[in-house]
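*Asks:* What follows is a single structure, and I will ask about it in a moment.
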Amino acid sequence: MADRKPIETWLTDMDGVLIHEGVPIPGADAFIKRLRESGKPFLVLTNNSIYTQRDLHARLARMGLDVPAEHIWTSALATAKFLDDQRPGGTAYVIGEAGLTTALHDVGYVLTDTAPDFVVLGETRTYSFEAMTKAVRLINDGARFIATNPDETGPSAEGALPATGAVAALITKATGVEPYFVGKPNPLMMRAGLNAIGAHSENSAMIGDRMDTDIVSGMEAGMSTFLVLTGLTQAAEVDRFPYRPTQVVDSIADLVELV
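The following block contains the structure:
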């Protein structure tokens with residue numbers, strides 16, 4: 170890291186870095202506390218598009234992590250920003266929850282199932298055959314296909330759940346149209362987050378638990394990258410990838426002193 174500028178901005182993934190199955194990872198509270206005391210810009214990122222910033226603030230607060238809503242960046246917010254840049258004041262047919270519909274409303278989008286500019290697919294726990302059929306027909310009629318993230322499965326107490334990427338594959342199979350994925354590992358999500366807080370990649374760092382999403386997107390966005398071993402990617406797997414994080418640490422607790 171000697172050839173990089175000192176880190177002034179921190180981006181961190183949420184699941185696997187700060188929390189695991191609804192429980193804070195040791196050191197997460199100290200890390201967030203140090204960030205807030207430092208006054209440095211920071212964002213907590215998640216590919217999950219179900220919840221609004223306020224929802225996630227409340228959920229984290231119940232776990233003892235005090236993250237202000239404005240320091241939370243989701244794939245839903247990144248998707249809304251992307252669509253607002255591409256086609257301001259557009260229309261969309263949305264499959265998703267409040268996190269996504271609220272973000273789109275906030276940028277002035279109209280949600281409709283009549284000749285929309287876009288079909289936007291996000292995370293939901295109530296995917297319906299009717300909604301997917303509607304999406305297929307609208308895409309066949311010319312709507313552009315956007316998905317908040319490519320994650321194929323999501324966690325639950327009972328085991329894996331089909332997620333946005335899996336449902337997107339179903340729609341693609343039925344239409345022959347691939348979606349544009351906005352969330353990680355697309356570095357667009359990182360760059361949009363940095364822009365939202367007025368930060369620059371050359372003095373920013375990304376913390377994640379997955380080499381194939383967090384680390385690659387942070388690297389492609391031009392940031393320093395820290396892999397923590399409290400989530401999906403294990404130490405023995407790191408060398409299998411053609412790229413490396415700036416540093417591998419056991420957990421978020423090892424990064425408190427770097428803030």
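So the sequence shown is numbered by the working numbering: it starts at 170 and just counts up by one. Each residue gets a CB set at the ideal place from its N, CA and C atoms; glycine is no exception.
1. Within the continuous beta strand (DSSP E) that includes M375, where are the two ends?
2. Give the DSSP-derived three-state secondary structure of T215 in the structure shown.
3. Mapping the DSSP letters down to three states, classify A261 as helix, strand or coil.
4. Quick check on I384: does DSSP put it in helix, strand or coil?
5. Please say whether G328 and V292 have beta carbons closer to each other than 9 Å?
6. Can P319 and A337 be called in contact, C-beta distance under 9 Å?
7. In the DSSP output, what is V305 paired with across the bridge?
8. In the DSSP assignment, the beta strand (DSSP E) including L180 goes from what residue to what residue?
9. Measuring CA to CA, which of T322, A284, G323 and E321 is closest to A304?
10. Our contact map puts T270 next to L280 with C-beta atoms below 8 Å; I'd like the distance itself, whole angstroms only.
11. If you drop the 5 nearest sequence neighbours on each side, which residues of the same chain put their C-beta closer than 6 Å to that of G400?
12. Could you have a look at L204 and say whether DSSP puts it in helix, strand or coil?
13. Whole beta strand (DSSP E) runs in the region 279–365 with 3 or more residues, listed along the chain?
14. Less than 8 Å between the CB atoms is what I'm expecting for T322 and L330, so what's the real figure, rounded?
15. Would you be able to state if there are at least three C-beta pairs under 8 Å between the region 234–241 and the region 207–226?
16. Judging by CA-CA distance, which residue of R203, E371, K353 and G196 is the nearest neighbour of V418?
17. For S370, list the residues DSSP reports as bridge partners.
*Replies:* So, from the data block:
1. S373 to G377
2. strand
3. strand
4. helix
5. Per the sequence presented here, residue 292 reads as Glu, with Val not at that position. For E292 and G328, no; Cβs fall outside 9 Å.
6. yes
7. The partner list for V305 (beta bridge, DSSP) is empty, contrary to what the question assumes.
8. T178 to D182
9. A284
10. 6 Å
11. G185 and D378
12. helix
13. 287–290 and 313–316
14. 6 Å
15. yes
16. G196
17. Answer is none; S370 lacks a bridge partner.
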